[in-house]
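Engineer: Pasting in a structure now, in structure tokens, and then I'll have a few things to ask.
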Amino acid sequence: MTPWPKGVLRETHPALDSTNAEALRRAAAGASGPLWLLALEQTAARGRRGRVWTQPPGNFGASLLLRPESPAAAALRSFVAALGLHDALIDATGRPEIFALKWPNDVLLSGRKLAGILLESGGPAGGPLALAIGFGVNLRATPDAGALEPGATPPVSLVDGAGVVISPADFLDLLAPAVDVWETRLRTQGFAPLRAAWLARAARLGEPMTARLPGREFRGRFETIDENGALVLATAEGRVVLPAGEVFFGVPEEAGHAPRH
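See the structure below:
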């Protein structure tokens, strides 16, 4: 097993309201990170766009506090997180062929949602930026079917999808070093190698995709991600570059409603 990264702090809590919220509170109190906060239970966790997110017992919920140089640099940490999570899952299972990355922040196992990542920033106006990167992984269980939105990507657990049982603490031992590798690479080599690595792991590259933003929808072929990490769709009207949004594979009738994160 790769050693715990040097200079990176770690705390494990029986319960927190939200690991991301706690990370940003620590930043407001002066913590600079990098700091991992692992919670065995979260009582008020949230997903993208403020959606409710649950953490059944045995699942993984943790956040990493970082101090990126700028909002643009903070956004690229989504790829650091995704690549590190992908590598940790391969380390846990030995099965790279079953995992893929879904833009902007999900990990799929055989086409079903295994994990999600949520980035939230904070810090005083004009002061240093704080970034909390939240990781949620279905190690043991999946959300109740009634809690899923219509059309959501079907969930899967690592136990059911790969036959692997691992504790949250042991999974963090894999995740933290893997994320540190990609964080170091971004800082020393820039985004180009991360972009290439992410594209090599991307789900449905070259296939039809629907991207939704508030009040707008784009349909096209998933062409690539650009040098800033934005999604590039080849549509009937030309190339469309989207720095944010929610994506669905196929046409809208197949996509349904927006998936949970």
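Position 199 of the sequence shown, counted from 1, bears residue number 197 in the numbering used here, the numbering being contiguous throughout.
Think of the CB as a built atom: it goes at the ideal place given N, C-alpha and C, for glycine as much as any other residue.
Bear in mind that the values here come from a model prediction, so they are computed numbers and not experimental data.
1. Under 8 Å, with one C-beta from each stretch per pair, do the region 158 to 176 and the region 67 to 74 reach the 3-pair mark?
2. How close, in whole Å, do the beta carbons of Leu127 and Val105 come, if the pair is a contact with beta carbons under 8 Å?
3. Which residue from Ala26, Gly28 and Pro54 puts its Cα closest to that of Glu262?
4. Restricting to runs no shorter than 4 residues, where is the alpha helix (DSSP H) found entirely within the region 133 to 182?
5. So does the region 228 to 245 actually touch the region 60 to 68, counting three or more Cβ pairs closer than 8 Å?
6. Go ahead and pull the three-state DSSP assignment for Arg24.
7. Beta-carbon within less than 7 Å of Phe77's beta-carbon, same chain only, minus the 5 sequence neighbours each way: which residues are those?
8. Report the three-state DSSP secondary structure of Phe189 (helix, strand or coil).
9. Return the first residue and the last residue of the alpha helix (DSSP H) that Ile88 is part of.
10. When you compare only the Cα positions, how much space is there between Pro241 and Trp101?
11. Which residues in the same chain have their Cβ closer than 7 Å to the Cβ of Thr233, if we skip the five residues on either side of it in sequence?
12. Can you tell me which of the three DSSP states Thr222 falls into?
13. Look at the alpha carbon of Lys111 and the alpha carbon of Phe220, and state the distance between them as a whole number of angstroms.
14. Given a threshold of 16 other Cβ atoms within 10 Å of its Cβ, counted over all protein chains shown, does Asp142 qualify as buried or as exposed?
15. Just the Cα atoms here: how many angstroms apart are Ala198 and Gly109?
Structural biologist: Based on what the coordinates show:
1. no
2. Actually they are not in contact, since the Cβ atoms of Leu127 and Val105 sit about 26 Å apart, beyond 8 Å.
3. Any question about residue 262 goes unanswered here, given that the chain covers just -1 to 259.
4. 156 to 160
5. no
6. helix
7. Leu192, Trp196 and Gly227
8. coil
9. Pro69 to Thr91
10. 11 Å
11. Phe216, Arg217 and Gly218
12. strand
13. 19 Å
14. exposed
15. 16 Å
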